[in-house]
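Comments concern the structure below.
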Amino acid sequence: MDKIVKLKFLAIIIYAISASILFYDDHFIQNSTVMHQYGHVPFMIAVLCLGVILSAAVYNLAFYFYIRNRQYLYYALAQLFILSTLVGVESMLISPFDEIYGFKNYYILDISQTFMLIFSMLFIQAFFQTYNTDKLNNLINIIIKIALFDLVLSLFFGHTIITKFVPTFIWVWFVLSEAHRHIKKKDAPFYFVSVGWHIVIVIILLEYLYIIDPHKVGFPFLHVVFALESMLLSFALSYKFKLVEDEQKAQQTMLLQQSRLASMGEMISIIAHQWRQPLNFLSYSFMHIKQNCKNDDDALMTIKEANEQLQYMSQTIESFRNFYNPSKERADFSIKESCENAIQIVTPTLNATNIKLNLDVWQDFSYYANANEFEQVLLNIVNNARDVLVERLTPNPTIDIKVNEPTITITDNAGGISKENIEKIFDPYFSTKRNSDGIGLYIGKTIIEREMSGKLEVSVKDGKTIFTITLQKK
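In the numbering used here, the protein residues as written are 789 to 1262.
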């Protein structure tokens, strides 16, 4: 537990002691003699908000039974206890709800608030699980244990102790503030959850400090903000479900791509095996012819060129076989050699389209990873550049690869990527080309950043697209 968390816990303890000593009676609703009167419009708004909260609870509960994801269950239960808390407050303090319900139970209200805290914490913990926040999990576990201990205390005192003097919104704010500290990569679902809860916290705090005096303002502010929170958190869950589903699809596509590469590797290995004997036979045949052409310079030159072609064929098939090797073994490899291997594979298609490719090695370096995966990323970027150059009929089409430790840049002069597309270029299933699955650059970024602990970025300068791979050694 770091110093900031300790200071926050200390502040909460000081607040609880102060609240219990100075404002003890104010924390017990049964001591209140003021009844809030709702007119027709506030009453209808309050009922509508209760319906929204109940609908969110039922919807997410049904979703839980459909996909068996616990965060939907926790959220549904949290909404049900929010509903129970609001109904408890209405039955005791708000007219005409008190006449409609016809019951008052202060203990159920306390228990509802405590369970609301528990299931809210469980929901936040499950929701933030994909963000890999162990420190946040530990904090949430501590708060849940405190709430459970408070439930035990309530059996002896007839009411809760801890959550009565330290309201639920303080604990939720505590966790959200730590989430903002520890979660570096924040996405739209994170902000939906954060904004939803902070709206609730602000309104509760305004009423708690009597800046909005509930005794004078007959309007269901709490109902409205809890209904709004229900909608925002439901949006967050739906959005996150979509993101997870997209990631799973991308992973499946990546596995399919790897399976295809493996199948091609097996096929090329068979072809390579079939080529070995004829190539060896031709090589021996040329040796035999050479022995009988000692005085024929033209024949000797032809034999030499033929042997070079045989050697080139052998190296080409070997390069393809190694490239499509599905092995995930890691080893130190030369960046320059990997670039040359990828260039050897793509050169025939570039020559056919009159595209010039330059490899400029300022400072070569080695890197510990899977060389084949790196070459696949490089080849995919070069192929994309080739397709754009051909599509746009670029004059003097050129692709430049520059190696300068710790970066590798791939630059083309096809005119650059438009502003509206550059932000989405690495998104799965996004492509500006016809008949493209839009997964290549996403896979490339995943390989570089997840498998090789590097960075893959794109920029546009002077009408040129520049892909930059950064491989910092640990």
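Glycine included, every Cβ here is placed at the ideal spot set by N, Cα and C.
1. Here's a check: name, in chain order, each residue in its chain whose Cβ is nearer than 6 Å to the Cβ of residue 1027, leaving out the five neighbours to either side.
2. If you draw a straight line from the C-alpha of residue 1194 to the C-alpha of residue 802, how long is it?
3. Whose CA, out of 1186, 944, 983 and 898, lies closest to the CA of residue 1268?
4. Take the Cβ of residue 1066 as the centre, count every other Cβ of all protein chains shown within 10 Å, and call the residue buried at 16 or more, exposed below.
5. Name the two residues that bound the continuous alpha helix (DSSP H) containing residue 843.
6. Does DSSP put residue 1022 in a helix, a strand or coil?
7. Measure the C-alpha to C-alpha separation of residue 1267 and residue 1036 and round it to an integer number of angstroms.
8. Going along the chain, which residues of its own chain have a beta-carbon closer than 6 Å to the beta-carbon of residue 1130, five neighbours each way excluded?
9. Mind checking who residue 963 pairs with in its DSSP beta bridge?
10. From the DSSP output, in three-state form, read off residue 953 for me.
11. When the Cα atoms are used, what is the spatial distance from residue 1183 to residue 1144?
12. Near residue 804, what residues of its chain come up, given a Cβ to Cβ distance below 8 Å and the 5 sequence neighbours on each side ignored?
13. Taking just the CA atoms, how far does residue 1229 sit from residue 1214?
14. Restricting to Cα atoms, I'd like to know which of 963, 840 and 1227 is closest to residue 1015.
15. How do the region 935 to 948 and the region 981 to 995 stand: do at least 3 beta-carbon pairs fall below 8 Å, yes or no?
16. In chain order, what residues of the same chain have a beta carbon less than 7 Å from the beta carbon of residue 905, not counting five sequence neighbours either side?
17. Once you ignore the five residues that flank residue 1034 on each side, which residues in its own chain have a CB closer than 7 Å to its CB?
18. Going by the CB atoms, is the gap between residue 1094 and residue 1074 shorter than 8 Å?
19. Taking the alpha carbon of residue 862 as the point to measure from, which residue in 889, 909 and 871 has its own alpha carbon closest?
20. Do the CB positions of residue 968 and residue 921 come within less than 8 Å of each other?
21. For the alpha helix (DSSP H) holding residue 889, just list the boundary residues, first then last.
22. Residue 963 to residue 1031, Cα distance in whole Å?
23. Kindly indicate which three-state DSSP category residue 1245 falls into: helix, strand or coil?
Let's see:
1. Position 239 of the sequence shown, counted from the first residue, corresponds to residue 1027. Excluding sequence neighbours, residue 1027 sits near 976 and 977.
2. Numbered from 1 along the sequence shown, position 406 holds the residue referred to as residue 1194. Numbered from 1 along the sequence shown, position 14 holds the residue referred to as residue 802. Residue 1194 and residue 802: Cα-Cα distance of roughly 52 Å.
3. In the structure as shown, the chain begins at 789 and stops at 1262. Residue 1268 is therefore absent and cannot be evaluated.
4. Residue numbering aside, residue 1066 sits at position 278 when the sequence shown is read from its first letter. Exposed, since its Cβ has fewer than 16 Cβ neighbours within 10 Å.
5. Here residue 843 is taken as the residue at index 55 of the sequence shown, counted from 1. From DSSP, the alpha helix (DSSP H) with residue 843 extends over 828 to 855.
6. Locating residue 1022 in the sequence shown gives position 234, where the first residue counts as 1. In the three-state reduction of the DSSP assignment, residue 1022 falls in the helix class.
7. This structure does not reach residue 1267, given that the chain is present from 789 up to 1262, and the question cannot be answered.
8. Taking the first residue of the sequence shown as position 1, residue 1130 is located at position 342. Only 1163, 1166 and 1167 meet the Cβ criterion.
9. By 1-based counting over the sequence shown, the position of residue 963 is 175. The partner list for residue 963 (beta bridge, DSSP) is empty, contrary to what the question assumes.
10. In the sequence shown, counting from the first residue as 1, residue 953 sits at position 165. Helix, per DSSP.
11. For the purposes of this step, residue 1183 is taken as the residue at position 395 of the sequence shown. For the purposes of this step, residue 1144 is taken as the residue at position 356 of the sequence shown. Their backbone Cα atoms lie some 11 Å apart in a straight line.
12. Along the sequence shown, one-based indexing puts residue 804 at 16. Contacts found: 950, 953 and 954.
13. Within the sequence shown, numbered from 1, the residue matching residue 1214 stands at position 426. Within the sequence shown, numbered from 1, the residue matching residue 1229 stands at position 441. For residue 1214 and residue 1229, the gap between their C-alpha atoms comes out near 5 Å.
14. As a working note, residue 1015 is residue 227 in the sequence shown. The candidate whose alpha carbon is nearest that of residue 1015 is 840.
15. Counting Cβ pairs under 8 Å, fewer than three are found: no touch.
16. Here residue 905 is taken as the residue at index 117 of the sequence shown, counted from 1. Non-local C-beta neighbours of residue 905 in its own chain, meaning closer than 7 Å and more than five positions away in sequence, comprise 935, 951, 956 and 959, ordered along the chain.
17. Numbered from its first residue, the sequence shown carries residue 1034 at position 246. Cβ contact annotation for residue 1034 (same chain, cutoff 7 Å, sequence separation greater than five): 1216, in chain order.
18. Mapped onto the sequence shown, residue 1074 falls at position 286. Mapped onto the sequence shown, residue 1094 falls at position 306. Here residue 1074 is near residue 1094, since their CB atoms are less than 8 Å apart.
19. Sequence index remark: in the sequence shown, residue 862 carries index 74 (1-based). Among 889, 909 and 871, the Cα nearest to that of residue 862 belongs to 909.
20. Walking along the sequence shown from the start, residue 968 turns up at place 180. Walking along the sequence shown from the start, residue 921 turns up at place 133. Cβ atoms of residue 968 and residue 921: not closer than 8 Å.
21. What you label residue 889 is simply residue 101 of the sequence shown in a count that begins at 1. Residue 889 -> alpha helix (DSSP H) spans 885 to 889.
22. In the sequence shown, residue 963 corresponds to position 175, counting from 1. In the sequence shown, residue 1031 corresponds to position 243, counting from 1. Our two residues, residue 963 and residue 1031, have alpha carbons roughly 24 Å apart in a direct line.
23. By 1-based counting over the sequence shown, the position of residue 1245 is 457. Reduced to three states, the DSSP call for residue 1245 is strand.
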